[in-house]
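In the working numbering, the protein residues as written are 3 to 457.
Presented below is the structure to which this report refers.
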Ligand code: GDP
Ligand code: GDP
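Structure, rendered in structure tokens:
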């Protein structure tokens with residue numbers, strides 16, 4: 003499905019290019035240089051809080067002489083409006099309305115393309131006058147914006163959403179994170195194993211690699227050299243081969259480190275692992291159970307937004323296995339209230355039990371962690387969730403929740419729009435986050451919710 007098209011219209015110097023650049027960000031503008039196509043339009047792929055669209059900037063009349071400007075603009079704008087889903091009509095809130103703005107307003111009123119009025123340069127107080135004046139153009143509430151400073155983008159999202167909602171592309175396995183880097187789910191899974199000294203990390207890595215590449219031993223914290231090992235895991239169920247990049251953080255450690263510092267080192271290792279990994283496996287020792295420091299490492303991993311799996315190692319020597327498993331499960335749910343139902347697996351690095359399940363779980367979790375739900379599907383779920391359990395009404399006045407959007411992936415981040423959101427109880431936020439997890443396929447993924455109060 004092609005992206006919906008948003009066209010920026012306005013007289014020269016109101017900030018159209020600045021807005022275009024802000025919406026396109028670091029992405030390359032697609033220059034349309036097909037023969038016969040007008041040169042004076044710029045196309046870019048825009049991304050605004052989870053909304054994707056093609057943005058078109060109609061520049062190119064700056065060189066025209068004053069007298070011919072209105073006619074030329076009209077011609078260009080009419081051409082550009084063909085095929086547009088919505089027009090962003092930009093005025094300069096500092097300069098106030100000009101006859102040219104009014105002229106543009108007149109022919110936009112004749113068009114069938116919906117118009118969102120944007121009062122740009124609205125930062126500070128200097129734009130107030132132009133903002134109020136712009137109501138006279140007859141396009142309803144203007145969206146106050148500062149394209150230069152990036153203010154008002156959430157309001158712009160809210161104004162655009164009703165026009166673009168049902169035209170959003172469906173989920174694709176290619177995701178773009180906030181740095182604009184593309185991630186391909188067939189790329190190597192970046193996996194790290196962390197845990198207290200002696201939990202069996204090196205033994206586990208060796209077992210996965212099925213060769214004694216790393217050195218292991220009975221003393222805690224033995225040195226390893228390698229930091230990242232690339233290998234291919236074969237899924238025993240399907241025979242499929244999948245690349246893994248295993249990060250061995252303990253390998254960064256120097257040989258001479260003394261034992262009493264090792265507990266601290268486990269935390270430092272976890273920090274390194276978080277920097278590198280998509281999925282972090284926290285390895286527990288079945289002979290010791292879940293200890294305070296494990297919880298500390300686990301919440302650190304989740305706070306940093308990484309996908310987390312807990313594996314209880316040395317299952318071959320576990321006593322009272324089911325009691326141990328249930329005890330760890332309960333302690334995790336109690337100690338890590340932010341993510342219920344983390345994957346908890348029993349493994350033995352020594353016998354190889356459970357290792358394939360562990361890697362499979364890591365791939366599955368990465369997929370969920372990288373996923374984006376289209377805004378339209380998300381809001382269908384959202385309307386339903388609100389109908390089932392309406393937001394509270396503190397002081398008799400109901401809190402209005404308007405839209406929700408997934409603004410990012412890896413980890414998934416959602417933005418909730420509404421009014422009086424500062425009064426929204428955390429229990430209700432939890433209700434929404436749990437619903438997103440359970441009903442939209444983000445089980446066991448750290449999900450973030452940001453509140454955006456609309457004007
Ligand atoms: P265009 O001709 O409509 O494409 O306008 P430009 O994007 O080239 O911007 C014209 C001028 O307005 C430039 O000097 C920008 O730096 C400035 N400008 C753009 N957006 C803002 C804004 O939000 N606030 C202020 N104060 N200036 C802005
Ligand atoms: P690390 O400090 O976390 O890298 O732990 P090591 O891999 O060096 O293992 C510490 C000790 O636990 C070694 O003596 C291993 O042989 C032992 N060990 C590791 N995995 C298992 C396992 O699955 N079962 C049993 N019984 N012992 C294990």
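The beta carbon of each residue, even a glycine, is placed where N, CA and C say it ideally should be.
inquiry  = Buried or exposed, going by whether 16 or more other CB atoms sit within 10 Å of the CB of residue 137?
reply    = The sequence position of residue 137 within the chain shown is 135, counting from 1. Residue 137 comes out exposed.
message: Quick check on the burial criterion: 16 or more other C-beta atoms within 10 angstroms. Buried or exposed for residue 7?
response: Here residue 7 corresponds to residue number 5 of the chain shown, with the count starting at 1. Looking at its Cβ environment, which holds 16 or more other Cβ atoms inside 10 Å, residue 7 is buried.
Quiz item: If you run the structure through DSSP and keep just helix, strand and coil, what is residue 365?
Solution: The sequence position of residue 365 within the chain shown is 363, counting from 1. The answer is helix: DSSP assigns residue 365 an H, G or I state.
Using alpha carbons as the reference points, say which of 129, 432, 54, 368 lies closest to residue 94. Against the chain shown, residue 94 aligns to sequence position 92. Comparing Cα positions, the closest option is 129.
Self-check item: Length of the line joining the Cα atoms of residue 191 and residue 281
Solution: Sequence index remark: in the chain shown, residue 191 carries index 189 (1-based). Sequence index remark: in the chain shown, residue 281 carries index 279 (1-based). Spanning the two alpha carbons is a distance of roughly 8 Å.
request  = Have a look at residue 132 and residue 433 and give me their C-alpha separation to the nearest angstrom.
outcome  = As a first step, residue 132 is located in the chain shown; it is residue number 130 there, counting from the start. As a first step, residue 433 is located in the chain shown; it is residue number 431 there, counting from the start. Each residue's alpha carbon lies about 42 Å from the other.
* To do: Could you tell me which uninterrupted beta strand (DSSP E) segments, each at least 3 residues in length, are contained entirely in the segment 333–407, listed from first to last along the chain?
  => 346–348
Review point. Grouping DSSP H, G and I as helix and E and B as strand, with all else coil, what is residue 237?
Key: For the purposes of this step, residue 237 is taken as residue 235 along the chain shown, with counting starting at 1. Residue 237: coil per DSSP, three-state reduction.
Worksheet entry | Span separating the alpha-carbon of residue 298 from that of residue 50 | As a position in the chain shown, residue 298 is number 296, starting the count at 1. As a position in the chain shown, residue 50 is number 48, starting the count at 1. Going by the C-alpha atoms only, they are around 35 Å apart.
Discussion item. Using a Cβ-Cβ cutoff of less than 6 Å, which residues in the same chain neighbour residue 9 once the five nearest sequence positions on both sides are dropped?
Written reply: Along the chain shown, read from residue 1 onward, the residue named residue 9 stands at position 7. Only 58, 82, 86, 89 meet the Cβ criterion.
Member of 398, 156, 120, 124 whose CA lies at the smallest distance from the CA of residue 409: On the chain shown, position 407 is the one that residue 409 refers to. The residue with the shortest Cα to Cα distance from residue 409 is 156.
Looking only at its own chain, which residues have a Cβ that is under 8 Å from the Cβ of residue 452, when we skip the five neighbours before and after it? Translated into the one-based positions of the chain shown, residue 452 becomes position 450. So the list reads 409, 415, 416, 417, 418, once near-sequence residues are dropped.
Do you know offhand how far residue 352's Cα is from residue 315's?
-> Taking the first residue of the chain shown as 1, we reach residue 352 at position 350. Taking the first residue of the chain shown as 1, we reach residue 315 at position 313. Computed Cα separation, rounded: 9 Å.
Leaving out five residues before and five after residue 244 in sequence, what residues of the same chain have Cβ atoms less than 6 Å from its Cβ?
Stepping through the chain shown from its first residue, residue 244 is reached at position 242. Excluding sequence neighbours, residue 244 sits near 235.
Quiz item: Bridge partners of residue 245, per DSSP?
Solution: Within the chain shown, numbered from 1, the residue matching residue 245 stands at position 243. 234.
- Query: Considering only the beta carbon of each residue, do residue 347 and residue 337 sit closer than 8 Å?
  - Reply: As a first step, residue 347 must be located in the chain shown, where it is residue number 345. As a first step, residue 337 must be located in the chain shown, where it is residue number 335. No. Outside cutoff.
First and last residue of the uninterrupted beta strand (DSSP E) at residue 415:
As a first step, residue 415 must be located in the chain shown, where it is residue number 413. Residue 415 -> beta strand (DSSP E) spans 415–420.
Identity of the residue in 233, 443, 429 nearest residue 339 by Cα: Counting from 1 along the chain shown, the entry for residue 339 is found at position 337. Of the candidates 233, 443, 429, the one whose C-alpha sits nearest the C-alpha of residue 339 is 429.
- request: Mind checking who residue 146 pairs with in its DSSP beta bridge?
  value: As a working note, residue 146 is residue 144 in the chain shown. Residue 146 pairs with 121.
Taking only three categories from DSSP, how would you classify residue 168? What you label residue 168 is simply residue 166 of the chain shown in a count that begins at 1. Three-state result, residue 168: helix.
**Request:** Would you kindly work out how many angstroms separate the C-alpha atoms of residue 377 and residue 241, rounded to a whole number?
**Result:** As a position in the chain shown, residue 377 is number 375, starting the count at 1. As a position in the chain shown, residue 241 is number 239, starting the count at 1. Whole-angstrom Cα-Cα distance: 36 Å.
Spatial distance of residue 196 from residue 285 (CA atoms): Position 194 of the chain shown, counted from the start, is the residue given in the question as residue 196. Position 283 of the chain shown, counted from the start, is the residue given in the question as residue 285. Distance between the alpha carbons of residue 196 and residue 285: 6 Å.
Among 300, 386, 76, the one whose alpha carbon lies nearest that of residue 312
Counting from 1 along the chain shown, the entry for residue 312 is found at position 310. Considering only alpha carbons, the answer is 300.
- Message: DSSP three-state label for residue 7, please.
- Response: Here residue 7 refers to the residue found at position 5 of the chain shown. Residue 7 falls in the strand class under three-state DSSP.
Nearest residue (CA-CA) to residue 402, options 386, 412, 420:
To locate residue 402, count along the chain shown from 1; it is residue 400. When only C-alpha atoms are compared, the closest one is 420.
ask   = Who pairs with residue 277 in a beta bridge, going by DSSP?
value = Walking along the chain shown from the start, residue 277 turns up at place 275. DSSP output for residue 277 lists no bridge partner at all.
When the Cα atoms are used, what is the spatial distance from residue 258 to residue 382?
As a first step, residue 258 must be located in the chain shown, where it is residue number 256. As a first step, residue 382 must be located in the chain shown, where it is residue number 380. Because the pLDDT of residue 258 is 37, which lies under 50, any placement of that residue in the model is unreliable, and the number read from its coordinates should be weighed accordingly. Between residue 258 and residue 382, the C-alpha separation is close to 58 Å.
How is residue 112 classed by DSSP in three states: helix, strand or coil? For the purposes of this step, residue 112 is taken as residue 110 along the chain shown, with counting starting at 1. Looking at residue 112 - three-state DSSP - the assignment turns out to be helix.
Ligand 1 and residue 150: does any heavy atom of the ligand fall closer than 7 Å to the residue's C-beta? For the purposes of this step, residue 150 is taken as the residue at position 148 of the chain shown. Residue 150: yes, Cβ under 7 Å from ligand 1.
My output table needs one value for residue 88: the three-state DSSP class, helix, strand or coil. Residue numbering aside, residue 88 sits at position 86 when the chain shown is read from its first letter. Looking at residue 88 - three-state DSSP - the assignment turns out to be strand.
Query raised in the report: Between residue 390 and residue 46, what straight-line distance do the alpha-carbon atoms span, to the nearest angstrom?
Result: Residue numbering aside, residue 390 sits at position 388 when the chain shown is read from its first letter. Residue numbering aside, residue 46 sits at position 44 when the chain shown is read from its first letter. If you take the alpha carbons of residue 390 and residue 46, they lie about 40 Å apart.
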